[in-house]
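Remarks on the structure that follows.
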Amino acid sequence: MPDFHGAVASDVDDRGKGGTTIQHGTVRRLGDRVFQALSTWSGVAILIMLALVATFLVWQGMPALTTPADELPYGAFPQFVAPLLFGTIWTAVLALIMAVPVAVSVALFISYYAPRGLAASLGYVIDLLAAVPSVVYGLWGIGVLAPALQPSFVWLARHLGFIPLFAGPPSGTGRTILTVAVVLAVMILPIVTALSREVFLQTPRLHEEAALALGATRWEMITIAVLPFARPGIISASMLGLGRALGETMVVAMVLSPSAVISFALLTSQHPGTIAANIVLSFPESYGLGVNQLIATGLVLFVITLAVNMIARGIVDRHREFSGAN
Amino acid sequence: MSKRIDVTDLNVYYGDFKAVEDVSLTVEPRTVMAFIGPSGCGKSTMLRTLNRMHEVIPNAYVEGSVKLDGDDLYGPGVDPVRVRRQVGMVFQRPNPFPTMSVADNVLAGVKLNNKRISTSKSKELLENSLRAANLWHEVKDRLDRPASGLSGGQQQRLCIARALAVQPEVILMDEPCSALDPISTLAIEDLIGELKESYTVVIVTHNMQQAARVSDMTAFFNLSAQDKPGRLIEIGTTDKVFSNPDRKATEDYISGRFG
Ligand SMILES: Nc1ncnc2c1ncn2[C@@H]1O[C@H](COP(=O)(O)OP(=O)(O)O)[C@@H](O)[C@H]1O
Ligand SMILES: [Mg+2]
Chain C
0 MPDFHGAVAS DVDDRGKGGT TIQHGTVRRL GDRVFQALST WSGVAILIML ALVATFLVWQ
60 GMPALTTPAD ELPYGAFPQF VAPLLFGTIW TAVLALIMAV PVAVSVALFI SYYAPRGLAA
120 SLGYVIDLLA AVPSVVYGLW GIGVLAPALQ PSFVWLARHL GFIPLFAGPP SGTGRTILTV
180 AVVLAVMILP IVTALSREVF LQTPRLHEEA ALALGATRWE MITIAVLPFA RPGIISASML
240 GLGRALGETM VVAMVLSPSA VISFALLTSQ HPGTIAANIV LSFPESYGLG VNQLIATGLV
300 LFVITLAVNM IARGIVDRHR EFSGAN
Chain R
-13 MSKRIDVTDL NVYYGDFKAV EDVSLTVEPR TVMAFIGPSG CGKSTMLRTL NRMHEVIPNA
47 YVEGSVKLDG DDLYGPGVDP VRVRRQVGMV FQRPNPFPTM SVADNVLAGV KLNNKRISTS
107 KSKELLENSL RAANLWHEVK DRLDRPASGL SGGQQQRLCI ARALAVQPEV ILMDEPCSAL
167 DPISTLAIED LIGELKESYT VVIVTHNMQQ AARVSDMTAF FNLSAQDKPG RLIEIGTTDK
227 VFSNPDRKAT EDYISGRFG
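Protein sequence lines, in the order shown, are assigned to chains C and R. Residues in the first sequence are numbered consecutively from 0, following this note's numbering. Residues in the second sequence are numbered consecutively from -13, following this note's numbering.
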């Protein structure tokens, strides 16, 4: 992005120098001026909006942190937020672990293996998946997925129950952390797939041919020329997916009936909720300091989402030198 | 090392479009063959049939045969991947893998063939390949730096080193200097002179002087008309083709009257 900006700026300068006018320096066309003003102010507006949201969250959330615990409807804030924070991150990470390998494989299949007709229709189906509203996913989770998965939960708990992840007793309804994570994975699949596909489309033909000419098979070409090149893009795509999973409200609120526990167990009915789902579920019956407490959890969510994005940026930047961008 | 190439009655297609028609030619081992001709006459297409890179393009196919020391590259059951390990290729624009270091680029093809190559072996191969590409002295202190930091000419020689590291029999080059400055071009031309001591080299070039400087044999291709397939018009020793061509079209092209 900075490159783009630089290119625009130098373009403008060149025109100033090379133009027929005798005035030197900054002769600018109206179009350039309008565009620059528009883009500058859009940027500023986004920053102002972000600052306003942050200010609101801090201002409204503060009382929850400063008031003595016994006056707070949901009890001491750290104990209140901890299970929710854990549940938020745990479900999102599980979803990501399931979604990213599938998304990347599907994108690779569409880009490198599928016959042209199939590739087009698959791409179309993926885009459709992205258009399904989350309430529908929630209904699907409750009505279809949970009952369908329940028997396998019983099986897993019986045979792999010695692993803490699969410890029983398995939920009787199938509405578990794992079910929610599967639904979330399906929800973020389209965006991660679509973005990975874009990234693969940008892999230079030149490098693919270089690999093939060295005697690489199709798969070897993908591992030496495509995936390394696409890595930063896949990371960004995953982080976008993670962001969506972290903030997803409807599905979690519909599928889970949470308790205030911190537990990695995937199959039991004793599991934490998430921050976003907890806010919608608790908001209607909250008042006074309770509202402040909910807003403070919102602040926590805001901060981790921001952190996720910054970490993703960091990962992408760390590999810039080898990215081919220079 | 170094094998003879025999092309017989070759037709090359992109789907319905016949790009090259009825080509037969022979390239002797340890010689440099130059393909010249106006653009669009099928030089690159022809070159890419020699290592089966042509069929990477959807719907592209060939008729006829290409033999490497008598083995038909297009015979039944021949794996194009194996063909490409014997016939290396250098492209018009330098294309080192940008995500890899200089050293990893050189060894990229080797690691495909032989995943468990020992460290000392790979060090030796790395140095030999870079020396053979006249690049060792320039990069020996930056082997683990990104390849994209090298100059264009160095990148192109890196690509040559990468092709050499696989120890092919034949090296194909498609206008390897067209994106380079004159000094880098000279470096590559010198290198081609050295390469022919161990390899069969086929080079496409649009630069007459270059063809005259580096090649032993020259093949001139031409189109009879737009959208007609390219044909081999004349082939012979470079001296003969440049000083005393048999065909009028060759003479016109070489003396700069068209193309
Ligand atoms: N990928 C392709 N698909 C279809 N036609 C192609 C493709 N590449 C080249 N051609 C056609 O084949 C002919 C020969 O092209 P090319 O081999 O690139 O010529 P040259 O290298 O001599 O300039 C041209 O008519 C060109 O349009
Ligand atoms: Mg060409």
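Note that CB positions come from ideal geometry on N, CA and C, so glycine has one too. Note that the structure is predicted; figures quoted are calculated from it, not measured.
{"Item": "Neighbour-count burial assignment, Y136 of chain C, 16 or more Cβ in a 10 Å radius", "Value": "buried"}
{"Item": "DSSP state of E220 of chain R mapped onto helix, strand, coil", "Value": "strand"}
{"Item": "Under the three-state DSSP convention, the category T186 of chain R falls into", "Value": "strand"}
{"Item": "Three-state secondary structure (DSSP) of D225 of chain R", "Value": "helix"}
{"Item": "Three-state secondary structure (DSSP) of L36 of chain R", "Value": "coil"}
{"Item": "Near ligand 1: F34 of chain C beta-carbon under 7 Å from a heavy atom", "Value": "no"}
{"Item": "Any non-hydrogen atom of ligand 1 closer than 7 Å to T236 of chain R Cβ", "Value": "no"}
{"Item": "The beta strand (DSSP E) enclosing G50 of chain R, as first and last residue numbers", "Value": "A46 to L54"}
{"Item": "Limits of the unbroken beta strand (DSSP E) element including F21 of chain R", "Value": "V18 to I22"}
{"Item": "V48 of chain R versus A180 of chain C: straight-line alpha-carbon distance, rounded", "Value": "51 Å"}
{"Item": "Alpha carbon of L181 of chain R to alpha carbon of I146 of chain R, nearest angstrom", "Value": "10 Å"}
{"Item": "Which of helix, strand or coil DSSP assigns to V13 of chain R", "Value": "strand"}
{"Item": "Bounding residues of the alpha helix (DSSP H) (the contiguous stretch that carries T191 of chain R)", "Value": "No alpha helix (DSSP H) contains T191 of chain R, which DSSP labels as neither H nor E."}
{"Item": "Heavy atom of ligand 2 within 7 Å of D(-5) of chain R beta-carbon", "Value": "no"}
{"Item": "Alpha-carbon to alpha-carbon, N37 of chain R and L54 of chain R", "Value": "10 Å"}
{"Item": "Against chain D: residues of the stretch 218 to 244 of chain C by CB proximity under 8 Å", "Value": "Protein chains in the displayed structure are C and R, and chain D is not among them."}
{"Item": "Check: G28 of chain R C-beta below 7 Å from any heavy atom of ligand 1", "Value": "yes"}
{"Item": "Assigned secondary structure, T20 of chain C (DSSP; H/G/I helix, E/B strand, else coil)", "Value": "Bear in mind that the predicted position of T20 of chain C carries a pLDDT of just 46, short of 50, making it unreliable; the figure below should be weighed with that in mind. Three-state result, T20 of chain C: coil."}
{"Item": "Straight-line Cα distance separating L200 of chain C from S110 of chain C", "Value": "7 Å"}
{"Item": "Within chain C, the residues that G139 of chain R reaches when beta carbons sit closer than 7 Å", "Value": "Neighbours of G139 of chain R on chain C: none; closest Cβ ~17 Å, over 7 Å."}
{"Item": "Beta carbon proximity, E208 of chain C to chain R, threshold 8 Å", "Value": "yes"}
{"Item": "Exposure label - L166 of chain R; buried when at least 16 CB within 10 Å", "Value": "buried"}
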